[in-house]
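Protein chains in written order, with numbering that gives the first Met the number 0: chain A, 0 to 256; chain B, 0 to 256; chain C, 0 to 256; chain D, 0 to 256.
Number of protein chains: 4
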Amino acid sequence: MIKDGDFIFLYGGKRAQFLIKYSKDKPYFECHLGKVEFPEGFDYGDVLYTNKNKPLYVLRPTTSDLVFRVKRLTTIMYPKDMGYVVLNLGIKSGDRVIEVGSGSGAMTIVLASLVGESGIVYSFERRKEFLENASHNVKRAGLSSRVKFMLRDVEKEGFGVFDADSAVIDVPEPWTLVGHVKKALKGGAPVFFLSPNIEQVQKTYKALNEHGFVRMKTVEILEREIRVSEGKTRPLERMISHTGYLTFAHKVNHEEG
Amino acid sequence: MIKDGDFIFLYGGKRAQFLIKYSKDKPYFECHLGKVEFPEGFDYGDVLYTNKNKPLYVLRPTTSDLVFRVKRLTTIMYPKDMGYVVLNLGIKSGDRVIEVGSGSGAMTIVLASLVGESGIVYSFERRKEFLENASHNVKRAGLSSRVKFMLRDVEKEGFGVFDADSAVIDVPEPWTLVGHVKKALKGGAPVFFLSPNIEQVQKTYKALNEHGFVRMKTVEILEREIRVSEGKTRPLERMISHTGYLTFAHKVNHEEG
Amino acid sequence: MIKDGDFIFLYGGKRAQFLIKYSKDKPYFECHLGKVEFPEGFDYGDVLYTNKNKPLYVLRPTTSDLVFRVKRLTTIMYPKDMGYVVLNLGIKSGDRVIEVGSGSGAMTIVLASLVGESGIVYSFERRKEFLENASHNVKRAGLSSRVKFMLRDVEKEGFGVFDADSAVIDVPEPWTLVGHVKKALKGGAPVFFLSPNIEQVQKTYKALNEHGFVRMKTVEILEREIRVSEGKTRPLERMISHTGYLTFAHKVNHEEG
Amino acid sequence: MIKDGDFIFLYGGKRAQFLIKYSKDKPYFECHLGKVEFPEGFDYGDVLYTNKNKPLYVLRPTTSDLVFRVKRLTTIMYPKDMGYVVLNLGIKSGDRVIEVGSGSGAMTIVLASLVGESGIVYSFERRKEFLENASHNVKRAGLSSRVKFMLRDVEKEGFGVFDADSAVIDVPEPWTLVGHVKKALKGGAPVFFLSPNIEQVQKTYKALNEHGFVRMKTVEILEREIRVSEGKTRPLERMISHTGYLTFAHKVNHEEG
Numbered sequence: 000m001i002k003d004g005d006f007i008f009l010y011g012g013k014r015a016q017f018l019i020k021y022s023k024d025k026p027y028f029e030c031h032l033g034k035v036e037f038p039e040g041f042d043y044g045d046v047l048y049t050n051k052n053k054p055l056y057v058l059r060p061t062t063s064d065l066v067f068r069v070k071r072l073t074t075i076m077y078p079k080d081m082g083y084v085v086l087n088l089g090i091k092s093g094d095r096v097i098e099v100g101s102g103s104g105a106m107t108i109v110l111a112s113l114v115g116e117s118g119i120v121y122s123f124e125r126r127k128e129f130l131e132n133a134s135h136n137v138k139r140a141g142l143s144s145r146v147k148f149m150l151r152d153v154e155k156e157g158f159g160v161f162d163a164d165s166a167v168i169d170v171p172e173p174w175t176l177v178g179h180v181k182k183a184l185k186g187g188a189p190v191f192f193l194s195p196n197i198e199q200v201q202k203t204y205k206a207l208n209e210h211g212f213v214r215m216k217t218v219e220i221l222e223r224e225i226r227v228s229e230g231k232t233r234p235l236e237r238m239i240s241h242t243g244y245l246t247f248a249h250k251v252n253h254e255e256g
Numbered sequence: 000m001i002k003d004g005d006f007i008f009l010y011g012g013k014r015a016q017f018l019i020k021y022s023k024d025k026p027y028f029e030c031h032l033g034k035v036e037f038p039e040g041f042d043y044g045d046v047l048y049t050n051k052n053k054p055l056y057v058l059r060p061t062t063s064d065l066v067f068r069v070k071r072l073t074t075i076m077y078p079k080d081m082g083y084v085v086l087n088l089g090i091k092s093g094d095r096v097i098e099v100g101s102g103s104g105a106m107t108i109v110l111a112s113l114v115g116e117s118g119i120v121y122s123f124e125r126r127k128e129f130l131e132n133a134s135h136n137v138k139r140a141g142l143s144s145r146v147k148f149m150l151r152d153v154e155k156e157g158f159g160v161f162d163a164d165s166a167v168i169d170v171p172e173p174w175t176l177v178g179h180v181k182k183a184l185k186g187g188a189p190v191f192f193l194s195p196n197i198e199q200v201q202k203t204y205k206a207l208n209e210h211g212f213v214r215m216k217t218v219e220i221l222e223r224e225i226r227v228s229e230g231k232t233r234p235l236e237r238m239i240s241h242t243g244y245l246t247f248a249h250k251v252n253h254e255e256g
Numbered sequence: 000m001i002k003d004g005d006f007i008f009l010y011g012g013k014r015a016q017f018l019i020k021y022s023k024d025k026p027y028f029e030c031h032l033g034k035v036e037f038p039e040g041f042d043y044g045d046v047l048y049t050n051k052n053k054p055l056y057v058l059r060p061t062t063s064d065l066v067f068r069v070k071r072l073t074t075i076m077y078p079k080d081m082g083y084v085v086l087n088l089g090i091k092s093g094d095r096v097i098e099v100g101s102g103s104g105a106m107t108i109v110l111a112s113l114v115g116e117s118g119i120v121y122s123f124e125r126r127k128e129f130l131e132n133a134s135h136n137v138k139r140a141g142l143s144s145r146v147k148f149m150l151r152d153v154e155k156e157g158f159g160v161f162d163a164d165s166a167v168i169d170v171p172e173p174w175t176l177v178g179h180v181k182k183a184l185k186g187g188a189p190v191f192f193l194s195p196n197i198e199q200v201q202k203t204y205k206a207l208n209e210h211g212f213v214r215m216k217t218v219e220i221l222e223r224e225i226r227v228s229e230g231k232t233r234p235l236e237r238m239i240s241h242t243g244y245l246t247f248a249h250k251v252n253h254e255e256g
Numbered sequence: 000m001i002k003d004g005d006f007i008f009l010y011g012g013k014r015a016q017f018l019i020k021y022s023k024d025k026p027y028f029e030c031h032l033g034k035v036e037f038p039e040g041f042d043y044g045d046v047l048y049t050n051k052n053k054p055l056y057v058l059r060p061t062t063s064d065l066v067f068r069v070k071r072l073t074t075i076m077y078p079k080d081m082g083y084v085v086l087n088l089g090i091k092s093g094d095r096v097i098e099v100g101s102g103s104g105a106m107t108i109v110l111a112s113l114v115g116e117s118g119i120v121y122s123f124e125r126r127k128e129f130l131e132n133a134s135h136n137v138k139r140a141g142l143s144s145r146v147k148f149m150l151r152d153v154e155k156e157g158f159g160v161f162d163a164d165s166a167v168i169d170v171p172e173p174w175t176l177v178g179h180v181k182k183a184l185k186g187g188a189p190v191f192f193l194s195p196n197i198e199q200v201q202k203t204y205k206a207l208n209e210h211g212f213v214r215m216k217t218v219e220i221l222e223r224e225i226r227v228s229e230g231k232t233r234p235l236e237r238m239i240s241h242t243g244y245l246t247f248a249h250k251v252n253h254e255e256g
């Protein structure tokens, strides 16, 4: 049974997809398909009908749904990229993860949901309104207890966090943070950089080499959707062809070699 | 400090990447770069030198490393696909997830690591030697307590599991299982199918439509690696261009609509 | 020096690209950048300035420019695909090429420009208004003498052409034409099919196998544009991800083997 | 009927594809499928059987076949790229085209076959053995009369050709040739650069800007093959993911603007 504050994904077709947070005080929803009342005791998997007699399916939202539909002040990382990052940083229950910048909090939500109750995400942001929006989005997702937001110019002040299991760096000049990342990470731990432009990647490699990082790897992840329909099966005509370059590296302690 | 039974990722360059499980009883490692002794109290981030004076970096393995290096009897799902699946199924701590077939246990490891101590993965396989290998790989990863392996022909016998949060279906004839999946899932919950061939996807859609599933979506995920090197930055000349089509759908209870 | 009837490509930036046919009777051009007068004796390579003082460069149009800017009643084949087709059909000076349907005449223009004065394109179309538009576009390109347009339902009546060097088939049900194609082609000659949907390809293969064609090959061609700009070099964010599947095959004379 | 000196493409399946030049003096062919005798008066489209009773189909070679099978001393441009280049340079019958370097002569063959009897390709190369090999390949293709090969270090000596319709530049340091290209091209005419690395493209843009070229465009062309087989239709598992960046620009006469 759906409870007050639960997320619901209402699905009425390709052009009618809505993530809402159910509130007892507002037991209805309206869109171009019409108005639907939420009956007492309705549940996931139910089919509701609008006053225009259109079906709206009550689905369980996925992590992709939650992150794609945060209130955005910034470009967000895409689920196609996030999933790859999570596996290539080895994010797991109990981890202590650094993130900078918080952006709209989309990646923060993914990280927080995966580090679990026993983990923590240190999320740094230097623009106050972004921090507040990200914090709002994380709170709405019920994950505030796992995230410590910090308003800080990391380039100047550093992280003030040590022995982190991994780091997610999504800022315009990531190369300025590589020294700080080195101080913050555990030995042998991985760091990830998202950069739209190849010059950012090139400068980041230079900084990574200077700080003795190893196992650098850069990839792009492309998602291509297929329309499957009898007699008309084919890839969609248009796609997102670039979000950013994903760069990974591991910290080592050369001095102690 | 690295303890008995910890995984270590030894990195000596693109062609020297090794995942090993450290054992006090065998405190050395040999490869084409030479032999290296593990000193007392060595740790992640250390640089060790082989008897041929080649450096080997002691790195923390990522989830990708763990799954790519399971003992394989089958093709495994690729991390590029796994990450996307995890976010689009909304896998989270505490989930009860169905998987069929177990294959080599690679996806089982990812699922088990994310559902945490409070979750469980029901992993079905009908070929005994595959089940045993998958079980061995999961045990090696220290995740046995979160996985219940079952030797079963699901098409004939069904899952015998109910109210699952999501399901991962990786079998040659997934359309034969759609009815069973419907019985096993919670209302509104998502299911994922991996299929190399487009005809498999087409047949699966037919079965999904017959069983009233909604929000079907099929994608391909492509990973393209970039070599970043001063004056010589470019995509690698060759890539994996197809692993499989990823299909998602959500269960709804039409009868109760 | 530009003569009456010459094509000019006027370039004023990414969003100001125009193909025009110069006419002495209308020696000016207007667009959102302003109005430009064509001076006496102006030539390719000149820079003209509009009355708003914006530069418009007088460039030589390429084949891509000519085909992209035909008057369209239909979807046209894309230059990325056309170029591949031309090389994989071995189109060359003097060839006799079959095309069906004429569509908007874009591919007709490419074929006609490559078969030269000594070659000929037989272009079949069953919808009169399409044929007329295609014919108009080919005439405008000055290539009418190389193209024989025919208003015909090829499925019912066949081509009535024999010993063709190659054939370009772009119709919704290409499999219905395979028998006719076999009769029309020279022994060992190639045929090309453009099909947006995979089911069309599957049915075409069936027909090709039945008629003894060999060396079947199907590809997709993807074009990805890169923005090259100091410090901001990266692929464009969006791209055309599908136009159609390109299928090739060669005719053989099994009976005579 | 096949004549002495004609090219034949023998096809015996995916792994048995051969381009040969028929010679009366050697009327047989041998491969892993066995030996085949060429009967008197055999023709394209015939099926021949080897002494192991395997069929070999006598097909007409396409332009792709001719260029893919030149004797190579260098990496050659791929047909997927060549076709795009031809349409985006507007190569047509009668054109005067510059090429540097000659490489293995693969692109030279394509250009020569398209400029026809009335056109000419000026092909520059500074390494003597490459020039000789390219010349040999072009001669074998019967196109020598359309190509003027020149052994020259263009960076130092320039082209000595003027009013060219287009230029194809495939050298490691294309930016050093941009000034020479400007002198050699007709006003408003296009030039093409093939560069494997992004840094080469960046430097070329700088030179193009300095010399007032306009309408710069850079793309990658990707070819993805699909296996079409009943119940097993899917993209091939591996593909060429990078050959080079294709850059285009047009010359303008800023001085005369």
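Ideal Cβ placement from N, Cα and C applies to all residues, glycine included.
Exposure of residue i, with buried meaning 16 or more beta-carbon neighbours within 10 Å
i	result
E219(A)	buried
Y83(B)	buried
R14(B)	exposed
L235(A)	exposed
F41(B)	buried
E156(D)	exposed
F161(A)	exposed
P258(B)	The displayed coordinates of chain B run from 0 to 256. Any statement about residue 258(B) would go beyond what the structure contains.
N50(B)	exposed
Straight-line gap, residue i to residue j (C-alpha atoms, nearest Å)
i	j	result
G187(B)	V167(B)	15 Å
V137(D)	I225(D)	32 Å
L55(D)	F191(C)	21 Å
K79(C)	K79(A)	27 Å
I197(A)	F247(D)	20 Å
T61(C)	K20(C)	14 Å
K85(D)	L110(D)	It is Val, not Lys, that sits at residue 85(D) in the sequence shown. Approximately 8 Å, taken between the alpha carbons.
G256(D)	S240(C)	Interpretation of G256(D) is limited by its pLDDT of 37, a score under 50 that renders its predicted location unreliable; no figure is taken from the coordinates.
Residue i beta carbon near the ligand ATP (any heavy atom closer than 6 Å)
i	result
T61(B)	Because no ligand of any kind appears in the structure shown, any question about the ligand ATP cannot be addressed here.
Cross-strand partners of residue i (DSSP beta bridge)
i	result
K216(C)	F247(C)
K34(B)	E29(B)
Y10(B)	Q16(B) and Y56(B)
Contact list for residue i against chain D, beta-carbon separation under 9 Å
i	result
R68(C)	Within chain D, no residue comes near R68(C); the closest Cβ sits about 13 Å away, beyond 9 Å.
Under 7 Å from the C-beta of residue i: neighbouring residues of chain C
i	result
P234(A)	S240 and H241
Under 9 Å from the C-beta of residue i: neighbouring residues of chain A
i	result
R237(C)	R237, M238, I239, S240 and H241
Chain-ordered neighbours of residue i on chain D, where CB pairs are closer than 7 Å
i	result
K51(C)	Ordered by position in chain D, no residue passes the 7 Å Cβ test against K51(C), which lies about 16 Å from the chain.
Interface residues of chain D facing residue i [CB-CB closer than 8 Å]
i	result
S63(C)	L86, N87 and G89
P78(C)	Y83, L86 and N87
Contact list for residue i against chain F, beta-carbon separation under 7 Å
i	result
P60(C)	Of the protein chains in the structure, A, B, C and D, none is chain F.
Quiz prompt | Residues in the stretch 22-49 of chain B having any Cβ partner in chain D nearer than 9 Å | solution = none
Practice problem: Anything in the stretch 201-230 of chain D with a Cβ closer than 7 Å to a Cβ of chain B? List those residues in chain order, please. | Solution: R223 and G230
Quiz prompt | Contact set between the stretch 184-202 of chain D and chain B, restricted to residues whose Cβ is under 7 Å from the partner | solution = P195, N196, I197 and E198
Quiz item: Relative to chain B, which residues along the stretch 121-133 of chain A have a C-beta separation below 8 Å, given in chain order?
Solution: none
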